[in-house]
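In this note's numbering, the protein residues as written are 18 to 470.
These notes concern the structure reproduced below.
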Ligand SMILES: [Zn+2]
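Laid out in C-alpha cells, this is it:
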C-alpha cells in the first residue's frame with residue numbers, strides 16, 4: 018500500500034497558518050524590547066562590566082518578549098502553565114487579605130476562599146486570578162542566586178562565562194514580567210474591556226482595548242526616544258516583595274485612566290498628546306523598576322545566606338532583624354501560644370479526626386499543639402523607622418502534620434506589624450494537637466510580640 022505521506026504533508030502545511038496566529042500579550046514585542054533595553058542601558062557603573070556591554074544589552078533586550086514566545090499554540094502545555102504568570106486580577110487577589118509571599122501559600126489561600134465562598138469558585142481559581150508578583154519574585158531570586166555564584170567564582174578566580182550567560186538570561190526573563198507589571202490592564206479584572214457591572218462612564222466593553230493600547234498604539238507611536246527621558250532616578254529597593262507589590266498597585270490604580278483615554282480616542286491612530294505621554298510614562302516606569310530590581314539583585318547577592326534551622330528542633334530564634342536596627346537597639350520576638358478566645362462547640366466524632374478542626378472548648382484528653390519552629394518575623398521598614406512595638410494576635414489552624422493554615426489577624430497594636438507577623442507564623446511548625454492518641458487539626462491563637470529594648 019502506498020504511503021499516505023504526501024497527503025499528510027499537505028494537511029500539515031494547511032494547518033501552519035492557523036498555528037501561526039500572532040498573539041500579543043502585554044506591550045507587544047516593541048514595548049517589551051524597549052523596556053529591557055532601557056533598563057540594561059541605564060545600569061550604574063558599579064554593576065559588573067559584563068552586563069553593560071553592547072552584546073549583553075542586546076541579549077537582555079532580545080529576551081524582553083521571551084515569555085510571550087512561550088504562549089504559542091505550538092506548545093500548549095507550556096502556554097497553559099505559564100500564561101497566568103503575566104497578570105494579576107488584583108481586585109480578586111485582595112479578597113484573600115494580605116498576599117502571602119510564596120506561590121503555594123497564595124494558591125492555598127485562594128482555594129480556602131473558594132471553599133468558604135463556592136459561588137466565587139469560577140473567578141477565584143488561582144490560574145484565573147494570576148501569578149504576576151510570584152513569577153517576578155521567583156525569577157528575581159534566580160537572578161540574585163546566579164549573581165551570588167558569580168561573586169563566588171570571581172573571588173576564586175574561576176571562569177565566570179557560564180554564570181554570566183545565566184545572569185543575562187534571568188535578567189532578560191525578569192524584564193518581561195516587570196514590563197507586564199507597568200501595563201495597567203495586566204493588574205485588573207478589566208483587562209480587556211470593562212467587565213464590572215457598574216459602568217457609569219460607559220467605558221468600552223470591546224475585547225480589543227488590550228492589544229490596541231499595548232501593541233498597535235505603541236508600535237505606531239512610541240519610540241525609545243520618547244521613553245528614555247522619562248525614566249526615574251535610580252531608587253534603592255528596600256524589600257523586593259513589598260516594593261514590587263506597591264509598584265503593581267500603582268499600575269493598577271491607572272487602569273481606569275486607560276479606559277478614559279480610550280474613550281477620548283487616545284489609542285486610535287496617532288492618539289492624543291495625553292495618551293502618548295501616558296503610554297511613554299508607563300513604559301518608562303517598567304524600565305525604571307526593572308533597572309532598580311537588577312541593582313537590588315546585585316547588591317543583595319552579596320548578603321550572607323541565612324543559617325539553616327532544623328525545623329524539628331525547638332529553635333531559639335535568632336534575631337535576624339537586629340543588624341538593621343538603629344545602633345544600641347535589639348529586637349526581641351516571642352510567640353505565645355494559646356487557645357482562641359472564641360467558644361466554638363466541640364462536636365464529638367468518630368475517628369479519623371483529621372477531617373475535623375478542634376476548637377475551644379477543647380475536650381478532655383485534648384493536647385495542645387507544641388510550637389517547634391518559629392522564625393523571626395520581619396520588622397517592616399516603617400515599623401523600624403518609627404520604632405513601633407506591640408503585639409499581633411493571629412488565629413490559625415495547625416494541621417495534623419504540624420503545618421499552619423488559615424491564618425487570620427485577630428488583633429494588632431499596629432498595622433505596620435501585621436505583615437511581618439503573618440509571614441512569620443505561616444512558616445511556623447508545630448507538633449500537632451493530639452486527641453485520644455491521634456494527631457488532630459486544631460484552631461489556636463498565637464501572639465507575636467515586637468519589642469525593642
Ligand atoms: Zn506578558
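Backbone N, C-alpha and C fix where the C-beta goes; we use that ideal spot for every residue, glycine too.
State the DSSP-derived secondary structure class of residue i, mapped to helix, strand or coil.
{"i": "residue 390", "result": "strand"}
{"i": "residue 456", "result": "strand"}
{"i": "residue 357", "result": "Residue confidence for residue 357 is low, a pLDDT of 47 falling below 50, so the modelled location carries little weight; the figure read from the coordinates is stated next. DSSP places residue 357 in coil when its eight states are reduced to three."}
{"i": "residue 468", "result": "strand"}
{"i": "residue 447", "result": "strand"}
{"i": "residue 384", "result": "strand"}
{"i": "residue 148", "result": "coil"}
{"i": "residue 475", "result": "Given a span of 18 to 470 for the chain in the structure shown, any question on residue 475 remains unanswerable."}
{"i": "residue 461", "result": "strand"}
{"i": "residue 284", "result": "coil"}
{"i": "residue 379", "result": "coil"}
{"i": "residue 64", "result": "coil"}
{"i": "residue 224", "result": "coil"}
{"i": "residue 173", "result": "coil"}
{"i": "residue 235", "result": "helix"}
{"i": "residue 249", "result": "coil"}
{"i": "residue 116", "result": "coil"}
{"i": "residue 178", "result": "helix"}
{"i": "residue 154", "result": "helix"}
{"i": "residue 339", "result": "Low confidence applies here, because residue 339 scores a pLDDT of 35, under 50, leaving its location unreliable; read the following figure in that light. Of the three classes helix, strand and coil, the one that applies to residue 339 here is helix, per DSSP."}
{"i": "residue 213", "result": "coil"}
{"i": "residue 332", "result": "Note on residue 332: pLDDT 41, under 50, position unreliable in the model; the coordinate value appears next. If DSSP states are grouped into helix, strand and coil, residue 332 belongs with coil."}
{"i": "residue 90", "result": "coil"}
{"i": "residue 184", "result": "helix"}
{"i": "residue 404", "result": "coil"}
{"i": "residue 192", "result": "helix"}
For residue i, is the beta carbon positioned less than 6 Å from some heavy atom of ligand 1?
{"i": "residue 197", "result": "yes"}
{"i": "residue 103", "result": "yes"}
Could you tell me the boundaries of the beta strand (DSSP E) in which residue i lies?
{"i": "residue 423", "result": "421–429"}
{"i": "residue 413", "result": "407–415"}
For the alpha helix (DSSP H) containing residue i, list its first residue and its last residue.
{"i": "residue 396", "result": "Taken as a continuous stretch (DSSP letters only), residue 396 belongs to no alpha helix (DSSP H), as it is neither H nor E."}
{"i": "residue 295", "result": "290–317"}
{"i": "residue 95", "result": "93–99"}
{"i": "residue 75", "result": "71–80"}
{"i": "residue 84", "result": "83–86"}
{"i": "residue 122", "result": "120–133"}
{"i": "residue 103", "result": "Taken as a continuous stretch (DSSP letters only), residue 103 belongs to no alpha helix (DSSP H), as it is neither H nor E."}
{"i": "residue 45", "result": "45–58"}
{"i": "residue 243", "result": "241–244"}
{"i": "residue 9", "result": "Only positions 18 to 470 of the chain appear in the structure, and residue 9 is not among them; the question remains open."}
{"i": "residue 230", "result": "Careful: residue 230 lies outside any alpha helix (DSSP H) and carries neither H nor E."}
{"i": "residue 322", "result": "Unbroken run through residue 322: none, as it is neither H nor E."}
{"i": "residue 439", "result": "435–442"}
{"i": "residue 107", "result": "107–110"}
{"i": "residue 202", "result": "Here residue 202 belongs to no alpha helix (DSSP H), and DSSP marks it neither H nor E."}
{"i": "residue 140", "result": "138–141"}
With hydrogens ignored, establish whether the beta-carbon of residue i is closer than 6 Å to any heavy atom of ligand 2.
{"i": "residue 322", "result": "This structure simply doesn't include ligand 2; it includes ligand 1 instead."}
* **Contact the region 226–244 vs the region 128–142: 3+ CB pairs below 8 Å** => Judged by Cβ distances under 8 Å, the region 226–244 makes no contact with the region 128–142, as fewer than three pairs qualify.
* Any contact of the region 76–84 with the region 120–127, i.e. 3+ C-beta pairs under 8 Å? -> Not touching, per the Cβ criterion.
* To do: Tell me, please, whether the region 200–214 touches the region 246–262 by the rule of three or more beta-carbon pairs shorter than 8 Å.
  => Output reads no: the region 246–262 does not touch the region 200–214.
* Asked: Are there three or more Cβ pairs, one per stretch, closer than 8 Å when the region 170–181 is compared with the region 270–288?
  -> Contact between the region 170–181 and the region 270–288 is absent, because fewer than three Cβ pairs lie under 8 Å.
* Stretch pair the region 174–188 + the region 84–98: three plus CB contacts closer than 8 Å -> Per the Cβ contact rule, the region 174–188 is not in contact with the region 84–98 (fewer than 3 Cβ pairs under 8 Å).
* Tell me, please, whether the region 48–55 touches the region 143–155 by the rule of three or more beta-carbon pairs shorter than 8 Å. => Per the Cβ contact rule, the region 48–55 is not in contact with the region 143–155 (fewer than 3 Cβ pairs under 8 Å).
* Asked: Counting pairs of beta carbons, one from the region 277–289 and one from the region 219–228, are three or more of them closer than 8 Å?
  -> Contact between the region 277–289 and the region 219–228 is established, with three or more Cβ pairs separated by less than 8 Å.
* To do: Would you be able to state if there are at least three C-beta pairs under 8 Å between the region 313–320 and the region 296–304?
  => The way I'd put it, the region 296–304 doesn't touch the region 313–320; fewer than three beta-carbon pairs between them come closer than 8 Å.
* Kindly confirm or deny that the region 435–448 and the region 393–401 touch, where touching means at least three C-beta pairs closer than 8 Å. => Verdict: yes, contact present.
* Asked: Do the region 100–120 and the region 70–77 make contact, defined as three or more Cβ pairs closer than 8 Å?
  -> Output reads no: the region 70–77 does not touch the region 100–120.
* **At least three beta-carbon pairs within less than 8 Å, the region 447–455 to the region 463–470** => With a cut-off of 8 Å, the region 463–470 and the region 447–455 do not count as touching, because too few Cβ pairs lie within range.
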